[in-house]
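When we follow this note's numbering, the leftmost residue of the sequence shown carries the number 17, and every step to the right adds one.
A virtual CB, placed ideally from N, CA and C, is assigned to each residue, including glycine.
To start, the structure itself, in structure tokens.
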Amino acid sequence: MPCTPFRMPDGTRGIICSRGRRRAPPACSADCCRNESSFQCDYPVGAKKTCDRHLCGTHVHEVAPNLHYCPECFARFQREGGRLQTDFDFEEQP
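As structure tokens, then:
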């Protein structure tokens, strides 16, 4: 358990301890990109499943508010006519 001492501007001292090392966020999964991932692909790929590829801000495609696709899924989305799946259960829509 790593502990870090600190001192406040008024001279107060303290120690902050954590349970373990903080893991770095995953890297972007786009080819030749090692930027930090801030998004995951939300493209539905099965019953209640999404693509979930990790993406940086450069490679993500936002197709709706809080709905992001990776480059491959975005290309598939455009080929299929841009039909959004809006329900959260990811069930087949007519």
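Of the residues 49, 26 and 18, the one placed nearest residue 35, counting alpha carbons only: 18
Distance CB(residue 72)-CB(residue 51) smaller than 9 Å: yes
For residue 60, three-class secondary structure by DSSP: Strand at residue 60.
Close Cβ partners of residue 85 (< 7 Å) along its chain, the five nearest in sequence each way excluded: Within the same chain, residue 85 has close Cβ partners 57, 58, 59, 77, 79 and 93.
Reduced DSSP secondary structure (H/G/I, E/B, other) of residue 88: In this structure, DSSP gives residue 88 a helical state, which the three-state scheme calls helix.
Rounded distance between the beta-carbons of residue 87 and residue 46, thought under 8 Å: 6 Å
Simplified DSSP state of residue 24, which is helix, strand or coil: In this structure, DSSP gives residue 24 a state outside helix and strand, which the three-state scheme calls coil.
Simplified DSSP assignment, three categories, for residue 98: coil
Contacts around residue 32, its chain only, beta-carbon distance under 6 Å, and the 5 residues preceding and following it disregarded: Result list for residue 32: 20, in chain order.
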